[in-house]
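Going by our numbering, 127 is the number at position 123 of the sequence shown; the sequence numbering is gapless. Shown next, in C-alpha cells, is the structure this report addresses.
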Amino acid sequence: MAIDNLQQDISRVCGTMPAIRTNPDKRRFLLIGSFSTPLIQQLFQNGKLPKDELEGKNEKYILQTIANPIEGVDEAVVIAGSDKRGTIYGIYELSKQLGVSPWYWWADVPVVQQQNVYIQPGVYTDGEPKVEYRGIFINDEWPCLGNWAREKFGGFNSKFYKQVFELVLRLKGNFMWPAMWGSAFYDDDPQNGVLANTMGIVMGTSHHEPMALAQQDWKRRGKGEWDYKHNATELRNFWTSGLERAKDWESVLTIGMRGDGDEPMGEGANIALLEKIVKEQRRIIEKTTGKEAKETPQVWALYKEVQDYYDKGMRVPDDVTLLLCDDNWGNVRKLPNLQEKPRSGGYGMYYHFDYVGAPRNSKWMNISYTTYLGANESDLRTRSSQIMGRQCR
Numbered sequence: 005m006a007i008d009n010l011q012q013d014i015s016r017v018c019g020t021m022p023a024i025r026t027n028p029d030k031r032r033f034l035l036i037g038s039f040s041t042p043l044i045q046q047l048f049q050n051g052k053l054p055k056d057e058l059e060g061k062n063e064k065y066i067l068q069t070i071a072n073p074i075e076g077v078d079e080a081v082v083i084a085g086s087d088k089r090g091t092i093y094g095i096y097e098l099s100k101q102l103g104v105s106p107w108y109w110w111a112d113v114p115v116v117q118q119q120n121v122y123i124q125p126g127v128y129t130d131g132e133p134k135v136e137y138r139g140i141f142i143n144d145e146w147p148c149l150g151n152w153a154r155e156k157f158g159g160f161n162s163k164f165y166k167q168v169f170e171l172v173l174r175l176k177g178n179f180m181w182p183a184m185w186g187s188a189f190y191d192d193d194p195q196n197g198v199l200a201n202t203m204g205i206v207m208g209t210s211h212h213e214p215m216a217l218a219q220q221d222w223k224r225r226g227k228g229e230w231d232y233k234h235n236a237t238e239l240r241n242f243w244t245s246g247l248e249r250a251k252d253w254e255s256v257l258t259i260g261m262r263g264d265g266d267e268p269m270g271e272g273a274n275i276a277l278l279e280k281i282v283k284e285q286r287r288i289i290e291k292t293t294g295k296e297a298k299e300t301p302q303v304w305a306l307y308k309e310v311q312d313y314y315d316k317g318m319r320v321p322d323d324v325t326l327l328l329c330d331d332n333w334g335n336v337r338k339l340p341n342l343q344e345k346p347r348s349g350g351y352g353m354y355y356h357f358d359y360v361g362a363p364r365n366s367k368w369m370n371i372s373y374t375t376y377l378g379a380n381e382s383d384l385r386t387r388s389s390q391i392m393g394r395q396c397r
C-alpha cells in the first residue's frame, strides 16, 4: 500500500502517474525493496549498497542514489529497508521530501505541483527509532469523531482505519490503541486486524482492556461478573479467545486487570490477586502461542490506582514494559529510577493530550499544548534511547 501511495504522491506533485514494475526496463528508475529482496541483495553483493547499515537493524531505511546499479541501468534512486516498516518509512520519507505532508488528507495540507523534481546524489537515513513503539490512542471519540466516522465510513471499520494507519506510518509511528467507546476493534470489522497486519501497524488495547480484547467484547459475550475472584474460569476462557483471534498478528498485549469500564477493581482486590492474574495471563500466552511468554511483547499500565499497587510492591516479570502515566492533566507521576537495574521490557509513557472527566473536560476547550509537548518529546527520544517508550495518546 505504501508503494501505491507513493505512486499517487508523485502524481500529485508532478502530474504524471509513474508505472510500477517488478523488473526495471528503463535507464533510470526508483528501486524499492526490503533487506531480503533479491535486487537489494544483489546490490549488497556488488558493493553498491552498504549491507552493514541495514543488517540486523530495526525499522531503518537508506535512501541512496546509485550509478549503474545493475546491468543496463544508468542510475537508480534506491529505497532499502532493514525490514517491512523500514522500507515503508523510506517510501514516506521520499513523499515528504517531494512536498506531500503526512497530514495531506486529515488536515487538507495542500500539495504544491512542480514541473521538475530533482534528487541530490548521496545517502540519506534517519537511523533506527529511539522509541520502539510509537503511536496514538483514539479515545474520547464521541460525539465528534464517532459521528463523522459513521457518516463518512459507516463506523470505525477498516475503511476508517486505513486512513488512520497511513497517517501513523507517514509520521513514522507503528503502534495503535484503537477507538473503544462502544467499539471493539477486531469484532466490529473482521478486516480491521487483517488491515493492521498488512499495513505494518502493531495493535494493542487500552490500559483496562487486557489480552487483545475490548471492553465491548466482554459486554457482548462475556458471562458473569468482571471479577477474577468470583469468575476466574470465564475470564480465563475469555482472555484465551482474544489471544487466539490475534495471535498471528503483531501485538503488544496489555496485561493485568482493572475494574469494568475504566474503574478500580472491587474492595477484594489486592496485590496477591493481581499478581495471580498476571501469572495466569502469561500462562495463557504461552499455551496459545506455543512460545515462552517473554517472546510476546506485553505492557502493564501504571494508570491511576494501578500505580498504587506498584508503589506498594507489586511487580511483573522483567520482560513486561512498565507503562508510566501522567495524572490525566499533563503532570507525569513517575519516571524510571536510573539507579535500578535496566529492565529488558523497558518503560513507556501514557500521556494525555486531552481528558474527559472531573473536574474539567478537555472537550470544553479549544486549545492544547501539543506543540510544546512535541518539542520536548523529540528531545527526550534523542537523549534517552534506552527508555523503551510506548507513545499511546
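Just so it is clear, CB atoms sit at the ideal spot from N, CA and C, and this is done for glycine as well. A quick note: this is a predicted structure, and the numbers were derived from the prediction, not measured.
Test item: CB-CB of residue i and residue j under 8 Å
i: V206; j: E254; result: yes
i: R32; j: E97; result: no
i: Y108; j: V115; result: yes
i: I275; j: G317; result: yes
i: Y37; j: I44; result: Correcting the residue type first, residue 37 is Gly in the shown sequence and not Tyr. In this structure, I44 lies closer than 8 Å to G37 by Cβ.
i: P73; j: L34; result: no
i: R262; j: V310; result: yes
i: D322; j: G349; result: yes
i: L257; j: M215; result: yes
Rounded Cβ spacing between residue i and residue j (contact assumed at less than 8 Å)
i: G204; j: K345; result: G204 to K345, Cβ: 33 Å. No contact.
i: L328; j: L306; result: 6 Å
i: Y351; j: P340; result: 5 Å
i: E63; j: S40; result: So it is not a contact: roughly 15 Å between Cβ atoms.
i: N201; j: Y165; result: In fact, because the Cβ distance is near 12 Å, the residues do not count as touching under 8 Å.
Close-in-space but distant-in-sequence residues of the same chain around residue i (CB under 6 Å, 5 per side omitted)
i: L217; result: G246
i: D193; result: N161 and S162
i: G158; result: none
i: W181; result: F141, G208, S210 and C396
i: A183; result: I142, E145 and F160
i: V82; result: L35, Q68 and I70
Spatial distance of residue i from residue j (CA atoms)
i: Q101; j: E132; result: 19 Å
i: N235; j: E229; result: 6 Å
i: L277; j: K291; result: 21 Å
i: R319; j: D191; result: 32 Å
i: F179; j: P54; result: 29 Å
i: W222; j: N335; result: 32 Å
i: A84; j: Y65; result: 6 Å
i: N151; j: G177; result: 26 Å
i: S105; j: V168; result: 14 Å
i: R225; j: R249; result: 15 Å
i: G76; j: N27; result: 12 Å
i: Q124; j: E57; result: 20 Å
i: Q11; j: A23; result: 8 Å
i: E381; j: K227; result: A caution first: E381 carries a pLDDT of 43, below 50, which makes its placement in the model unreliable, though a value can still be read off. Roughly 42 Å between the two C-alpha positions.
i: R25; j: W110; result: 30 Å
i: H212; j: Y93; result: 31 Å
i: K251; j: Y359; result: 32 Å
i: A6; j: T325; result: 30 Å
i: G126; j: P301; result: 37 Å
i: K338; j: N120; result: 51 Å
i: D189; j: L199; result: At residue 189 the sequence reads Phe, which differs from the Asp that was named. So the alpha carbons of these two residues sit roughly 11 Å apart.
Exposure label - residue i; buried when at least 16 CB within 10 Å
i: R174; result: buried
i: E145; result: buried
i: E170; result: buried
i: G1; result: The question about residue 1 has no answer here: the residues shown for the chain are numbered 5 through 397.
i: D112; result: exposed
i: Q49; result: exposed
i: R138; result: buried
i: S187; result: buried
i: Q219; result: buried
i: D29; result: exposed
i: R286; result: buried
i: D331; result: exposed
i: M353; result: buried
i: E155; result: exposed
i: G361; result: exposed
i: E299; result: exposed
i: M21; result: exposed
i: D13; result: buried
i: G90; result: buried
Residues near residue i in its chain [Cβ-Cβ closer than 8 Å; skip 5 each side]
i: G103; result: V17, V115, V116 and Q118
i: N9; result: I95, Y96, S99 and E170
i: K296; result: In the sequence as displayed, the identity of residue 296 is Glu instead of Lys. Only E290 meet the Cβ criterion.
i: V172; result: G139, I140, N178, F179, M180 and I205
i: K283; result: none
Cβ-based neighbour list, residue i, same chain, cut-off 7 Å, excluding 5 preceding and 5 following
i: T244; result: I288 and T292
i: Y232; result: L239, M261, L277 and I281
i: Y313; result: I275 and L278
i: G265; result: Q219
i: A153; result: G159, F160 and F164
Min CB distance residue i to chain D below 8 Å
i: K227; result: No chain D appears in the structure shown, which is made up of a single protein chain.
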